[in-house]
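Presented below is the structure to which this report refers.
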Amino acid sequence: MLLFTLQRMLQSIAVLLAVSVAVFLAVYAVGDPVELLVNPEATQLEREAMVSRLGLDQPVWMQYFTFLSNAVQGDMGTSFVHAEPALQLILSRMPATFELVFLAMLVASIIGIPLGLYVGLKEENRIARAIMTGSIFGYSIPSFWKGMVLILFFAVWLQWLPASGRGETVSVFGIPFSFLTVDGLRHLAMPVINLAIPNIALITRLTAAGASEARMQDYVKFARAKGVREKRIVRRHILRNILIPIITVLGVEFGSLIAFSTITETVFAWPGMGKLLITSIYQLDRPVVVAYVMLVTFIFVVVNLLVDFTYALLDPRVSLSERMS
Amino acid sequence: MSEMQNMSSQTRPPLADTPQRGANLRRIKRRPSVRKALLLLGIVVATGLLLPFFAPQNPYDLASFSVMDNRLPPGSEGMNGEIFWLGTDSQGRDMLSAIFYGLRISLLVGLVATAIALIIGVTVGLAAAVFGGRVETLLMRLVDFILGFPTILVALVMLAVIGRGVDKVILAIVVVQWANYARIMRSAALVERKKEYVEAAYNLGYSRLRIMFRHIMPNSLSAVLVVATIQVASAITLEATLSFLGVGVPVTEPSLGLLVANGFDFLMSGDYWISFFPGLALLVLIFSLNLAGDRLRTALDPKRS
Amino acid sequence: MNREGELVKMKSFLFAGTAAILASATMSSQAEELKIALSSEPTAADPHYHNLSTNNAFVQHIFEALTATDANQNVGPSLAESWEGVDDNTWVFKLREGVKFSDGSDFNADDVVFTFCRVLNNENNVSGSFAPDVENFASVEVSDPYTVKITTKQVEPLLPELLSQIYILSDGILEHGDLSFDPANGCGVTGEWPSVDSFNNGSMTIGTGPFVLDDFTKGSKIKMSRNDAYWGEAPAWEKVELVPVPSAGPRLAGLLAGDYDFIESPAARDVKQLGEEFGYTAKPSSRVIFLQMDVARDDSPFIEAEGGKNPFQDERVRRAVAHAINREAIVERIMDGFAEPASQFVPSEMFGAQTDPVPLTYDPEKAKALLAEAGYPDGFKVTLSATNDRYINDSQVAQAIAQFLTRVGIETDLDAMTRSIFFSRRSKREFSFSMGGWGSTSGGAASFLRQYVTTGDKERGVGGSNYGGWSDPEFDAVILEAIETVDAGKRAEMLQQAGQMALDKLGLIPVHFESTLWAYRDGLEFDGRMDQYTMAKDIRPAK
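Chains as they are written, first to last, in the working numbering: chain A, 23 to 347; chain B, 440 to 744; chain C, 8 to 550.
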């Protein structure tokens with residue numbers, strides 16, 4: 023077990039390193055940020071001063087090693103545009119994104135699990151089939167277009183909900199949250215729905231598959247034969263058994279939702295990390311782009327590591343060497 | 440994976456090149472919903488590829504429309520008496536023609552990218568399964584690495600670096616998708632490899648390459664092809680999303696995603712048709728692909744037949 | 008049909024009710040509060056951080072400079088009551104007495120010296136920003152607390168204009184002994200020069216302006232409240248919020264929903280559809296949209312012409328391009344009327360502009376004839392490079408230009424890209440044909456001409472944006488003399504002469520002048536500014 027843990031962690035570090043090299047080289051190959059920051063009326067001398075202040079006159083590999091040694095100490099560079107530490111800038115946008123993603127997952131679970139249970143238990147029924155087809159529809163709608171249609175209906179035509187922004191926030195432990203104010207909730211409604219819809223589909227299908235499998239298991243058949251009421255079977259036996267895989271998938275999905283919220287944040291002008299990423303890409307604010315990718319990779323690697331460990335601990339059948347290959 | 444194990448329990452004649460294909464075909468034909476889905480899919484693909492020939496206007500030829508006709512609502516008459524059934528965009532382009540052409544671009548990008556990713560992925564997956572050892576470990580580590588990232592993030596950063604263009608979008612999609620096929624192909628091939636007919640082929644002294652492509656590949660392909668149907672849909676979604684974010688195809692050859700993006704600016708003014716209809720076309724395209732993929736998977740699932 | 012109609016009516020009634028309830032909930036506290044949605048976010052509350060119009064407009068809520076420009080970019084008094092040029096290099100400024108900073112301290116000449124020193128001791132500012140202006144000071148002498156004498160190294164006729172952007176800090180924010188303009192020795196300041204953070208967090212954001220900063224949260228909003236000790240006319244607003252909302256659509260939706268009282272640059276097509284509960288202001292700006300052609304290279308990367316030549320080197324081809332474009336159609340159909348067709352590079356009201364330029368008419372026949380005459384009867388192929396997120400409708404305008412050029416035979420492909428890529432590639436001269444924009448500020452016509460039309464000369468700081476490599480020695484001689492002429496009348500005359508020379512040969516081709524738009528809820532008044540700045544003090548409740 024110790025060996026496994028050690029190996030997995032080394033692997034994770036290798037992944038992070040590989041990503042840092044790839045992203046760094048890629049991002050630093052594009053455009054010239056100086057052009058963007060320098061007043062066009064500036065003289066050549068001012069331009070050169072800027073280049074050396076940003077360290078852009080160093081060879082790329084030198085820039086990389088400076089970046090790496092700083093990154094290890096938690097310093098991911100300073101934003102060209104905002105003159106703030108890139109990591110601090112991203113972290114300041116993190117609560118907004120996390121709030122959105124958590125609420126979307128919550129909504130998706132509340133709607134998706136009951137729907138999935140229904141489908142899994144009454145498979146061949148007409149409604150169940152409609153739900154399954156509906157779920158395909160749900161994840162087929164392109165996220166950005168769905169957001170626009172929501173805006174068209176609820177903001178332009180009906181004028182019920184605000185089209186963008188975060189609204190009033192309330193600080194809890196110094197972190198601003200929107201969901202604690204009415205205004206904040208109105209701003210949250212559309213982005214959350216937009217992000218939740220494909221996940222409702224995902225959770226519905228996962229739950230349905232799990233429930234239909236569990237229904238056929240011996241312990242369920244046994245319980246049923248013993249005359250246990252159907253409701254109790256669903257709650258005590260089926261739901262309990264399928265919840266673990268669903269939670270695992272939700273955990274993994276969390277990372278990719280953070281990345282996918284980029285689109286939702288762009289459409290609804292939600293001031294989160296994803297929107298910062300898009301703006302930074304447009305503005306060639308390299309340190310922010312690199313820091314964002316590294317941060318998301320880090321979250322990903324950690325989540326995967328945790329999932330692997332949980333698996334290894336919970337399921338003795340998964341031989342550790344098997345998981346390695 | 441359970442379907443694979445199930446299949447292995449079936450008896451089959453040794454040395455047959457295609458023990459599985461016939462059975463799969465029969466299974467597909469039996470289900471009416473599959474036929475419907477495939478029909479819908481066929482219609483959409485054929486329409487997408489052929490429609491440009493019926494377009495009233497060539498939306499890529501800048502001289503064929505006029506900015507004086509711009510932002511007309513659906514059903515309006517233009518300067519030269521033509522009717523714009525779905526309205527015009529900000530340049531005076533006929534939306535119907537733009538959607539016909541956009542559908543083709545989206546479909547082409549999806550199909551070409553998937554085809555390339557499929558070839559690379561299948562080859563890598565097969566090689567990993569057949570060669571085993573170090574090669575397998577190395578290849579699969581790479582696959583895990585790529586699959587570890589959200590596709591949109593990789594493609595976005597990549598295109599931000601290499602710039603926009605149809606070829607570049609295809610490249611980005613291939614980069615994020617091939618690993619899917621490699622992983623599936625490998626596990627399917629691993630199952631096949633253990634079967635008698637493969638062993639028999641080894642005993643007959645056939646080369647590894649021949650066994651790889653002639654024996655193992657055809658028999659493990661069905662799982663990959665089901666995934667491919669769905670991957671075309673996700674390739675199209677990805678292309679549309681990237682174009683929407685402004686890093687996809689060039690503005691003068693708009694795909695459906697870019698048409699939607701162009702219309703976003705006009706949404707608030709009530710000129711909904713510029714973004715609504717292309718989005719609808721995109722939705723129909725993606726939905727029919729996903730539906731077909733889902734029906735195929737159900738049909739091929741031996742538990743359900 | 009009838010029943011459906013009924014249903015629609017009922018629904019809309021229900022919706023209207025709900026909307027009213029929601030709206031009243033958000034509008035309850037608007038008495039003296041003003042919420043403004045900005046089209047781009049200021050990057051810092053440090054007035055010397057980055058010379059960007061977004062930043063300048065924001066910091067002018069809190070800080071003031073010695074001079075100020077009015078809505079039409081004419082310079083006038085602010086913290087300095089008056090000034091005079093003693094000779095070509097020497098200026099004396101009389102400061103306003105009785106002005107207090109928001110922390111209660113008095114404003115006097117020490118603050119001016121302190122500010123000039125800080126501009127030079129500004130570690131993390133972007134690209135020097137304001138430093139070059141101050142570096143040109145040979146000395147700054149204080150003869151009494153309200154008189155400042157500035158001597159410049161180079162002749163600088165535009166000094167009062169330049170000083171309108173150097174915002175005055177309070178010397179109380181740092182420890183110091185006796186202050187004197189001696190940058191090499193720290194000017195007498197003993198504390199550590201402040202970084203941009205000390206301004207963003209509000210601790211050093213102390214100015215003489217009409218507002219004080221309450222909170223500056225990046226990506227979210229900026230909160231300010233009225234400075235009750237302000238020396239000038241008190242603004243009508245107790246509290247002001249600036250919210251950055253970069254997309255035009257959501258910005259407008261926010262105005263309609265009552266989230267904002269006032270928004271920057273709504274899309275032109277939208278303002279025409281605003282109901283009676285809203286108003287808008289349109290103000291012609293000094294920003295010109297123009298075409299820049301590669302005339303320096305014989306073989307240009309994005310041109311395909313017969314014989315491998317570069318057609319743009321031929322004056323007739325450039326003239327053909329100028330006449331192929333229907334400027335009225337672009338203004339009418341793409342800009343929804345909120346722009347002016349341009350036949351020169353600065354608006355005619357500006358200093359040194361042509362008062363009555365020869366209009367560049369739409370004449371496709373003439374364009375075709377000129378092309379044939381130049382030896383391109385079948386036209387040629389070219390790629391037009393443009394931004395898609397910098398100027399108003401930039402990608403749309405570029406597409407329309409491509410449309411018009413294609414119609415006269417110049418088959419034009421469009422490459423629209425995000426501004427960061429565009430500016431970087433343009434500066435490397437990667438383009439053959441590009442569409443740019445330029446807002447002239449201080450100096451009127453000189454600003455564009457010296458930057459874009461003059462032959463590049465790093466030493467003299469001219470021609471920095473001459474990416475097409477245009478070079479006309481006769482023009483150069485006139486413009487270089489003009490920008491060092493202190494006498495305003497003579498300078499204006501020379502600038503007009505230079506401007507005419509530039510238009511005669513069409514080294515660059517003007518397209519239109521953008522108009523700036525603002526939209527707001529009913530009950531507000533706003534006149535607009537030529538420099539496109541949005542400032543809460545200019546917004547008043549309607550009488």
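Beta carbons are placed, not taken as given, at the ideal position from N, Cα and C, and that holds for glycine.
Measure the CB-CB distance between Glu335 (chain C) and Tyr383 (chain C) and report whether it falls below 8 Å. For the purposes of this step, residue 335 (chain C) is taken as the residue at position 328 of the third sequence. For the purposes of this step, residue 383 (chain C) is taken as the residue at position 376 of the third sequence. No, Cβ-Cβ distance for Glu335 (chain C) and Tyr383 (chain C) is not below 8 Å.
In the DSSP assignment, what residue or residues form a beta bridge with Phe223 (chain C)? Counting from one through the third sequence, the residue named residue 223 (chain C) turns up at place 216. Answer is C:Ile229, bridged to Phe223 (chain C).
Closer than 9 Å by beta-carbon distance: list the chain B residues that pair up with Ile341 (chain C), in chain order. Indexing the third sequence from 1 puts residue 341 (chain C) at position 334. Near Ile341 (chain C) (Cβ distances below 9 Å), the residues of chain B are Val506, Asn509, Ser529 and Gln530.
Could you give the first and the last residue of the continuous alpha helix (DSSP H) run that contains Lys379 (chain C)? Taking the first residue of the third sequence as 1, we reach residue 379 (chain C) at position 372. As written in the sequence, residue 379 (chain C) is Ala, which differs from the Lys given in the question. From DSSP, the alpha helix (DSSP H) with Ala379 (chain C) extends over Pro371 to Glu380.
Residue(s) in a DSSP beta bridge with Ser441 (chain C): Against the third sequence, residue 441 (chain C) aligns to sequence position 434. Answer is C:Gln299 and C:Ser392.
Using a C-beta cutoff of 8 Å, does Met518 (chain B) count as contacting chain C? What you label residue 518 (chain B) is simply residue 79 of the second sequence in a count that begins at 1. It does not: the Cβ of Met518 (chain B) has no partner Cβ on chain C nearer than 8 Å.
Determine the direct distance from the alpha carbon of Gly195 (chain C) to that of Arg103 (chain C), and round the result to whole angstroms. Counting from one through the third sequence, the residue named residue 103 (chain C) turns up at place 96. Counting from one through the third sequence, the residue named residue 195 (chain C) turns up at place 188. Going by the C-alpha atoms only, they are around 24 Å apart.
When you compare only the Cα positions, how much space is there between Leu25 (chain A) and Leu32 (chain A)? Reading the first sequence from its first residue, position 3 is the one you call residue 25 (chain A). Reading the first sequence from its first residue, position 10 is the one you call residue 32 (chain A). Near 10 Å, if we compare the C-alpha coordinates of Leu32 (chain A) and Leu25 (chain A).
Could you spell out the range, first to last residue, of the beta strand (DSSP E) harbouring Phe269 (chain C)? Within the third sequence, numbered from 1, the residue matching residue 269 (chain C) stands at position 262. That run of the beta strand (DSSP E) goes Phe269 to Glu271.
When the cut-off is 8 Å and only beta carbons count, does Ala738 (chain B) lie next to chain A? As a working note, residue 738 (chain B) is residue 299 in the second sequence. No, Ala738 (chain B) lies away from the interface with chain A (no Cβ there is under 8 Å from its Cβ).
For Gly92 (chain C), list the residues DSSP reports as bridge partners. Taking the first residue of the third sequence as 1, we reach residue 92 (chain C) at position 85. Partner(s): C:Trp98.
Which of helix, strand or coil does DSSP assign to Glu532 (chain C)? Locating residue 532 (chain C) in the third sequence gives position 525, where the first residue counts as 1. Strand.
For Thr541 (chain C) and chain B, any beta-carbon pair shorter than 8 Å? Taking the third sequence and counting its residues from 1, the one referred to as residue 541 (chain C) is at position 534. No, its Cβ sits nowhere closer than 8 Å to a Cβ of chain B.
Give me the residue from C:Ile296, C:Val302 and C:Gly265 with the minimum Cα distance to Phe285 (chain C). In the third sequence, counting from the first residue as 1, residue 285 (chain C) sits at position 278. It is C:Gly265 whose Cα lies nearest to the Cα of Phe285 (chain C).
Own chain, CB closer than 7 Å to Ser283 (chain A), minus 5 neighbours either side, in chain order: For the purposes of this step, residue 283 (chain A) is identified with residue 261 of the first sequence, where counting begins at 1. Closer than 7 Å at the Cβ level, and outside the excluded window around Ser283 (chain A), lie Thr119, Leu122, Val123, Leu217, Gly294 and Gly296.
Does any C-beta atom of chain B lie closer than 8 Å to the C-beta of Leu224 (chain A)? What you label residue 224 (chain A) is simply residue 202 of the first sequence in a count that begins at 1. Cβ-Cβ to chain B under 8 Å: no for Leu224 (chain A).
Proximity test, Cβ basis, 8 Å: Ala220 (chain C) and chain A: Counted from its first residue, the third sequence places residue 220 (chain C) at position 213. Residue 220 (chain C) is actually Leu in this sequence, not Ala. Not one chain A Cβ lies under 8 Å of Leu220 (chain C).
Near Thr159 (chain C), which residues of its chain fall below 7 Å by C-beta distance, leaving aside the five closest residues on each side in sequence? Residue 159 (chain C) sits at position 152 when you count from the first residue of the third sequence. Counting only Cβ-Cβ distances below 7 Å, and skipping sequence neighbours, we find Asn96, Asn143, Phe144, Ala145 and Leu166.
CB contact flag (Ser694 (chain B), Gly702 (chain B), <8 Å): Locating residue 694 (chain B) in the second sequence gives position 255, counting from the first residue. Locating residue 702 (chain B) in the second sequence gives position 263, counting from the first residue. Against a cut-off of 8 Å, the Cβ pair of Gly702 (chain B) and Ser694 (chain B) comes out as no contact.
Shorter than 8 Å from the beta carbon of Ile163 (chain A) to some beta carbon of chain C? Numbered from 1 along the first sequence, position 141 holds the residue referred to as residue 163 (chain A). Not an interface residue.
Using a Cβ-Cβ cut-off of 6 Å (strictly less than) and excluding sequence neighbours within five positions of Ala130 (chain A), which residues of its own chain qualify? Position 108 of the first sequence holds residue 130 (chain A). For Ala130 (chain A), where only same-chain residues beyond five positions count, the Cβ hits under 6 Å are Ala218, Asn221, Ile222 and Ile225.
Are the Cβ atoms of Gly226 (chain C) and Arg115 (chain A) separated by less than 8 Å? Locating residue 226 (chain C) in the third sequence gives position 219, counting from the first residue. Locating residue 115 (chain A) in the first sequence gives position 93, counting from the first residue. In this structure, Arg115 (chain A) lies closer than 8 Å to Gly226 (chain C) by Cβ.
When you compare the CB of Ser254 (chain C) with every CB in chain A, is at least one pair closer than 8 Å? In the third sequence, counting from the first residue as 1, residue 254 (chain C) sits at position 247. Yes, Ser254 (chain C) counts as interfacial toward chain A.
Going by Cα to Cα distance, which pick from B:Gly732, B:Glu692, B:Ala679 and B:Leu735 is closest to Leu719 (chain B)? Position 280 of the second sequence, counting from 1, holds the residue named residue 719 (chain B). Comparing Cα-Cα distances from Leu719 (chain B) to each of B:Gly732, B:Glu692, B:Ala679 and B:Leu735, the minimum goes to B:Ala679.
Closer than 8 Å, Cβ to any Cβ of chain B: which residues of the segment 277-306 of chain C, in chain order? Asp277 and Gln280
Cα-Cα separation, Gln361 (chain C) to Gln504 (chain C): For the purposes of this step, residue 361 (chain C) is identified with residue 354 of the third sequence, where counting begins at 1. For the purposes of this step, residue 504 (chain C) is identified with residue 497 of the third sequence, where counting begins at 1. When rounded, the distance between both Cα atoms is 9 Å.
If we call anything under 8 Å between Cβ atoms a contact, is Ser462 (chain C) one with Gly470 (chain C)? Indexing the third sequence from 1 puts residue 462 (chain C) at position 455. Indexing the third sequence from 1 puts residue 470 (chain C) at position 463. The sequence as given places Thr at residue 462 (chain C); Ser does not occur at that position. Closer than 8 Å, so yes.
With a threshold of 8 Å between beta-carbons, can Tyr56 (chain C) be considered close to chain A, or not? One-based indexing of the third sequence puts residue 56 (chain C) at position 49. It does: the Cβ of Tyr56 (chain C) has a partner Cβ on chain A nearer than 8 Å.
For Pro198 (chain A), the three-state DSSP class (helix, strand or coil): Within the first sequence, residue 198 (chain A) is the residue found at index 176, counting from 1. Pro198 (chain A) falls in the strand class under three-state DSSP.
Alpha-carbon spacing of Leu697 (chain B) relative to Glu48 (chain C), whole angstroms: Here the question's residue 697 (chain B) lines up with position 258 in the second sequence. Here the question's residue 48 (chain C) lines up with position 41 in the third sequence. Each residue's Cα considered, the two are about 26 Å apart.
Cβ shell of Val103 (chain A) (< 6 Å), same chain only, five flanking positions each side left out: Translated into positions along the first sequence, residue 103 (chain A) becomes position 81. Taken in chain order, the residues that qualify are Gln305 and Asp307.
Taking the alpha carbon of Asp151 (chain C) as the reference point, which residue from C:Val120, C:Asp396 and C:Ser292 has its own alpha carbon closest? Translated into the one-based positions of the third sequence, residue 151 (chain C) becomes position 144. Taking only the C-alpha atoms, the option nearest Asp151 (chain C) is C:Val120.
Proximity winner among C:Asn395, C:Phe358 and C:Gly416, relative to Pro448 (chain C) (alpha-carbon distances): On the third sequence, residue 448 (chain C) is found 441 positions in, with the first residue counted as 1. The sequence given here has Thr at residue 448 (chain C), not Pro. It is C:Phe358.
To the nearest angstrom, how far is it from the Cα of Gly239 (chain C) to the Cα of Val141 (chain C)? Looking up residue 239 (chain C) in the third sequence gives position 232. Looking up residue 141 (chain C) in the third sequence gives position 134. Gly239 (chain C) and Val141 (chain C): Cα-Cα distance of roughly 27 Å.
So Glu248 (chain C) and Ile408 (chain C) are in contact, right, with Cβ under 8 Å, and what is the actual spacing, rounded? As a working note, residue 248 (chain C) is residue 241 in the third sequence. As a working note, residue 408 (chain C) is residue 401 in the third sequence. About 39 Å; that fails the 8 Å criterion.
At the level of alpha carbons, what is the spacing between Glu70 (chain A) and Leu170 (chain C)? If you number the first sequence from 1, residue 70 (chain A) lands on position 48. If you number the third sequence from 1, residue 170 (chain C) lands on position 163. Taking the straight line from one Cα to the other gives about 25 Å.
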